[in-house]
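> For the record, the sequence lines run as chains A and B. Read in this note's numbering, the first sequence has 225 at position 225, and its numbers run on one by one without any break. Read in this note's numbering, the second sequence has 57 at position 57, and its numbers run on one by one without any break. Note that the Cβ used here is the ideal one computed from N, Cα and C, for glycine as well.
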Amino acid sequence: MSAQCGTTRMLAGLLAASHLAALEQVPALVGEHAAHAGLGEVLIYVADLQQQVLRLLTGHGKDAGEDAGGEPAELRIDTTLAGRGFQETRVLVRAASPGRAAHWWVPILDGTERMGMLRVNAPADAGEAQVEDMRALASLVALLMVSKRSHSDSYARLTRTRPMHVAAEMQWTLMPPLTFANTGMVISAAMEPAYEVGGDAFDYAIAGDVAHLGIFDAMGHDVSAGLTASLALAACRNNRRQGVDLATNTEKIEETLIGEFGRSTRYVTAILADLDTTTGVLTWVNRGHHPPVVIRGGRWTTSLACPPAHPMGLALGLPVTLCREQLQPGDRVLLYTDGITEARSAQGREFGLNRFVDFIIRHTADGLPVPETLRRLIHSVLDYHDGRLQDDATVLLTEWHGTAHHQLTMT
Amino acid sequence: MTQHGDQAGQAGRSRRAEGTDEVVFPVEYGEPGRWAVVHVHGPLDYHTASVLDATVARLWDFLAGGHLVLDLSPMTFCDSSGLSRIITVFHQCRERGVNLLLAAPPPSLRRILALTGLDRVLQIRDSLHQVLTEVDDPPADGDPDRSGSPG
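1. When the Cβ atoms of the segment 102 to 116 of chain B are set against those of the segment 63 to 77 of chain B, are three or more pairs found closer than 8 Å?
2. Would you please verify whether the beta carbon of residue 117 of chain B is less than 8 Å from any beta carbon of chain A?
3. To the nearest angstrom, report how far apart residue 10 of chain B and residue 41 of chain B are at their CA atoms.
4. Considering just the uninterrupted stretch of the alpha helix (DSSP H) at residue 86 of chain A, what are its terminal residues?
5. So, helix, strand or coil for residue 219 of chain A, using DSSP?
6. Pull out every residue of the segment 367 to 390 of chain A whose Cβ sits closer than 9 Å to any Cβ of chain B, in chain order.
7. Determine, using beta carbons only, whether residue 114 of chain A and residue 102 of chain A come nearer to each other than 8 Å.
8. For residue 472 of chain A, I'd like the list of residues in its chain whose CB is within less than 8 Å of its CB, leaving aside the five on either flank, ordered along the chain.
9. Residue 180 of chain A and residue 200 of chain A - do their beta-carbons sit closer together than 8 Å?
10. Please say whether residue 370 of chain A and residue 353 of chain A have beta carbons closer to each other than 8 Å?
11. So residue 117 of chain A packs on residue 82 of chain A, CB below 8 Å; how close in whole Å?
12. For the beta strand (DSSP E) that contains residue 75 of chain A, what are its first and last residues?
13. Since residue 336 of chain A meets chain B, which of its residues come closer than 7 Å, beta carbon to beta carbon?
14. Is the segment 18 to 28 of chain A close to the segment 150 to 159 of chain A, with three or more CB pairs under 8 Å?
15. Along the segment 259 to 281 of chain A, where does the CB come closer than 9 Å to a CB of chain B? Name the residues.
16. What number of angstroms, rounded off, separates the C-alpha of residue 65 of chain B from the C-alpha of residue 259 of chain A?
17. Let's test the definition: count the other Cβ atoms within 10 Å of the Cβ of residue 32 of chain B and tell me whether it reaches 16, buried, or not, exposed.
18. Check whether the Cβ atoms of residue 339 of chain A and residue 389 of chain A sit closer than 8 Å, and answer yes or no.
19. Counting pairs of Cβ atoms below 8 Å between the segment 309 to 321 of chain A and the segment 160 to 178 of chain A, do you hit three or more?
20. If contact is defined by three or more beta carbon pairs under 8 Å, each pair taking one atom from either stretch, is the segment 190 to 206 of chain A in contact with the segment 249 to 258 of chain A?
21. In chain B, what lies closer than 7 Å to residue 418 of chain A by C-beta?
22. Since residue 392 of chain A and residue 197 of chain A are thought to touch, with beta carbons under 8 Å apart, how far apart are those beta carbons, to the nearest angstrom?
23. According to the Cβ coordinates, are residue 155 of chain B and residue 101 of chain B closer than 8 Å?
24. Tell me whether residue 381 of chain A sits in a helix, a strand or coil according to DSSP, three-state version.
25. Which value, in whole angstroms, describes the spacing of the CA atoms of residue 145 of chain B and residue 122 of chain B?
26. Can you give me the C-alpha to C-alpha distance between residue 79 of chain B and residue 336 of chain A, rounded to a whole angstrom?
27. Taking the DSSP output, what are the residues bridged to residue 103 of chain A?
28. Since residue 124 of chain B meets chain A, which of its residues come closer than 7 Å, beta carbon to beta carbon?
29. Quick check on residue 260 of chain A: does DSSP put it in helix, strand or coil?
30. Between which two residues does the alpha helix (DSSP H) carrying residue 354 of chain A extend?
31. Whose C-beta lies closer than 6 Å to the C-beta of residue 123 of chain A among residues of the same chain, with five residues either side of it excluded?
32. Just curious, the beta strand (DSSP E) that residue 42 of chain B is in, first and last residue?
33. Would you say residue 161 of chain A and residue 46 of chain A are within 8 Å of each other, going by their C-beta atoms?
34. Count the other CB atoms within 10 Å of the CB of residue 5 of chain A; is the residue buried (16 or more) or exposed (fewer)?
35. Would residue 266 of chain A be called buried (16 or more neighbouring beta carbons within 10 Å of its own) or exposed?
36. Quick one: what's got a C-beta closer than 6 Å to residue 327 of chain A's C-beta in the same chain, skipping five residues either side?
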């Protein structure tokens, strides 16, 4: 049997078997079919919600993570080889003692969204073809987990390190994946406090050449704030999918909010934007929100000015202005909520816009992938606030590549 | 012009009625139908927003189309509930033909009002003194300090 044939058998066999499997069966099926391609033992580690640890998916127990069988059940992302592979989105290998298989760590990516790491036992000098098999297997594992996790409480349990509040439970079901990339751009987001988030939400969607972007901040941090943000987000998508323009969309969101909560009772600030990925033209409207920041050429250029209309829900009738900016290739557009910049240290000092923008500039200059920069940013904001944020903190970063096709892939 | 110095001296703490825990926003009155000032002491938040409501609700008959002044100089904090309550008062004033003026909002609130575009709707003055001069001696042709048309 040729190597190619083994690869095909592994992938096709796994695909066929997956139709009648729940998430719990995935580890066993993966192990069984990996053998067809000559790969040794395979373990699946998934990242928790805050991307601090990797947890072993065993398929056993209420969180599908029991009975680790002597393997580490949890690995810290900041201090382990597996974690480094996750941070840098790289395949890394740990050589073993003579005669024993090495551990190959392969990122599990849904598109460019980092879900976890696959550990494959194989010789330390495995050839390129075998590494390609590992990557193909990791890609398929990602797709299987994405298709299974939406109906899996086990997965939700495994990826949570503590109980979640009701509002956060609602918000996370509405959020798109934290990262998206194609040849023209990267979009990445982070939202904290992950287990208690209430009134913040972000959104993006692709339609042809246009990337729709949005960030929302509802008043308060309670369940009502969560309901307000969820309603605004759902109304926004509903209007957008019917072809409504940005300014009108915010007016219709406001109508929906007032219809549900009454005038001036609950309100939401927001930026809605459209990026034409072929021309780099960014159009946006500001509903009482912090203006977008553009980083150009690796330094902070400016906050984009646009006369704000009142927050949606206050019914003040201010005109909504559509603003326009021509982006340059490599520009990064930051949409954020005040929880990022106004997080306070124990001494009462604000994290601040400068520190926020400097952080992004510094870490991307170090060559870190955008999602990893945001992961470190949000942990830095959390550390600044001794691990507990009083306010929701969200950032949505969009990098437009223009004609230079830098792809965010594994190296 | 009436006295308002005594209340202004209370900046930084909520005023509470004698012997109770109830928060009170003191009111001073001009001539009936001319103006009334509500001194918003301490935090304006989820807990005290209803006090503002109740205080303002008692003034409509007295004001009868005059000026309602919210003195924000003694306000220590304003959260999103407080802000939404100020806008609720704004709507109520508009419906009743009362002119709402905000006096001396603290810098943090001013930043929020600018960020949210609300400073294009609300009439904001730097000091209570400025407001009282204005309402005691109203200019013939409306409001000279009102910012230009929203752009």
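If we stick to the structure as given:
1. yes
2. As a position in the second sequence, residue 117 of chain B is number 117, starting the count at 1. Residue 117 of chain B counts as touching chain A.
3. Residue mapping note: residue 10 of chain B aligns to position 10 of the second sequence, counting from 1. Residue mapping note: residue 41 of chain B aligns to position 41 of the second sequence, counting from 1. With a pLDDT of only 39 at residue 10 of chain B, under 50, the local geometry of the prediction cannot be trusted, and the value read off the model is given with reservation. Cα to Cα, residue 10 of chain B sits roughly 7 Å from residue 41 of chain B.
4. Taking the first residue of the first sequence as position 1, residue 86 of chain A is located at position 86. Residue 86 of chain A -> alpha helix (DSSP H) spans 81 to 88.
5. Counting from one through the first sequence, the residue named residue 219 of chain A turns up at place 219. Three-state result, residue 219 of chain A: coil.
6. none
7. Taking the first sequence and counting its residues from 1, one reaches residue 114 of chain A at position 114. Taking the first sequence and counting its residues from 1, one reaches residue 102 of chain A at position 102. The answer is no: Cβ separation not under 8 Å.
8. Because residue 472 of chain A is not part of the residues shown, which for chain A are 1 to 411, the question remains open.
9. As a first step, residue 200 of chain A is located in the first sequence; it is residue number 200 there, counting from the start. As a first step, residue 180 of chain A is located in the first sequence; it is residue number 180 there, counting from the start. Not a contact, by the Cβ cut-off of 8 Å.
10. Sequence index remark: in the first sequence, residue 353 of chain A carries index 353 (1-based). Sequence index remark: in the first sequence, residue 370 of chain A carries index 370 (1-based). Not closer than 8 Å, so no.
11. The residue labelled residue 117 of chain A in the question sits at position 117 within the first sequence. The residue labelled residue 82 of chain A in the question sits at position 82 within the first sequence. Confirmed, about 5 Å.
12. Along the first sequence, one-based indexing puts residue 75 of chain A at 75. Per DSSP, residue 75 of chain A belongs to the beta strand (DSSP E) from 74 to 76.
13. Along the first sequence, read from residue 1 onward, the residue named residue 336 of chain A stands at position 336. Close partners of residue 336 of chain A in chain B (Cβ separation under 7 Å) are lacking, with about 13 Å as the shortest Cβ gap.
14. yes
15. 263, 264, 265, 266, 267, 269
16. Residue mapping note: residue 65 of chain B aligns to position 65 of the second sequence, counting from 1. Residue mapping note: residue 259 of chain A aligns to position 259 of the first sequence, counting from 1. Taking the straight line joining both Cα atoms gives about 29 Å.
17. Position 32 of the second sequence, counted from the start, is the residue given in the question as residue 32 of chain B. Residue 32 of chain B is exposed by the Cβ-count criterion.
18. If you number the first sequence from 1, residue 339 of chain A lands on position 339. If you number the first sequence from 1, residue 389 of chain A lands on position 389. Yes.
19. Using a C-beta cut-off of 8 Å, the segment 309 to 321 of chain A makes no contact with the segment 160 to 178 of chain A, since fewer than three inter-stretch Cβ pairs fall below that distance.
20. no
21. Coverage of chain A is limited to positions 1 through 411, which leaves residue 418 of chain A absent and any answer about it impossible.
22. Against the first sequence, residue 392 of chain A aligns to sequence position 392. Against the first sequence, residue 197 of chain A aligns to sequence position 197. The beta-carbon separation of residue 392 of chain A and residue 197 of chain A, rounded to 5 Å, stays under the 8 Å limit for a contact.
23. For residue 155 of chain B there is no data in the structure shown, the boundaries of chain B being 1 and 151.
24. Position 381 of the first sequence, counted from the first residue, corresponds to residue 381 of chain A. In this structure, residue 381 of chain A counts as helix in the three-state DSSP scheme.
25. By one-based count along the second sequence, residue 145 of chain B stands at place 145. By one-based count along the second sequence, residue 122 of chain B stands at place 122. Residue placement at residue 145 of chain B is flagged as unreliable, the pLDDT there being 48, under the threshold of 50; the coordinate-derived value follows with that caveat. Cα to Cα, the separation comes out at about 11 Å.
26. Sequence index remark: in the second sequence, residue 79 of chain B carries index 79 (1-based). Sequence index remark: in the first sequence, residue 336 of chain A carries index 336 (1-based). Computed Cα separation, rounded: 19 Å.
27. Taking the first sequence and counting its residues from 1, one reaches residue 103 of chain A at position 103. Answer by DSSP bridge pairing, in chain order: A:94, A:121.
28. Translated into positions along the second sequence, residue 124 of chain B becomes position 124. Result: empty, since nearest Cβ-Cβ is about 14 Å, beyond 7 Å.
29. Taking the first sequence and counting its residues from 1, the one referred to as residue 260 of chain A is at position 260. In the structure shown, residue 260 of chain A sits in a helix (DSSP, three-state: H, G or I).
30. Here residue 354 of chain A corresponds to residue number 354 of the first sequence, with the count starting at 1. Taken as a continuous stretch (DSSP letters only), the alpha helix (DSSP H) holding residue 354 of chain A covers 353 to 365.
31. Within the first sequence, residue 123 of chain A is the residue found at index 123, counting from 1. Answer for residue 123 of chain A: no residue qualifies.
32. The count along the second sequence starts at 1 and reaches residue 42 of chain B at position 42. Looking at the DSSP string, the run of the beta strand (DSSP E) that includes residue 42 of chain B is 42 to 44.
33. Your numbering for residue 161 of chain A matches position 161 in the first sequence. Your numbering for residue 46 of chain A matches position 46 in the first sequence. Not in contact: residue 161 of chain A and residue 46 of chain A (Cβ atoms no closer than 8 Å).
34. Here residue 5 of chain A refers to the residue found at position 5 of the first sequence. Taking all protein chains in view, the Cβ of residue 5 of chain A is surrounded by fewer than 16 other Cβ atoms within 10 Å, so the residue is classified as exposed.
35. Taking the first residue of the first sequence as 1, we reach residue 266 of chain A at position 266. Flag for residue 266 of chain A reads buried.
36. Numbered from its first residue, the first sequence carries residue 327 of chain A at position 327. So the list reads 280, 282, 400, once near-sequence residues are dropped.
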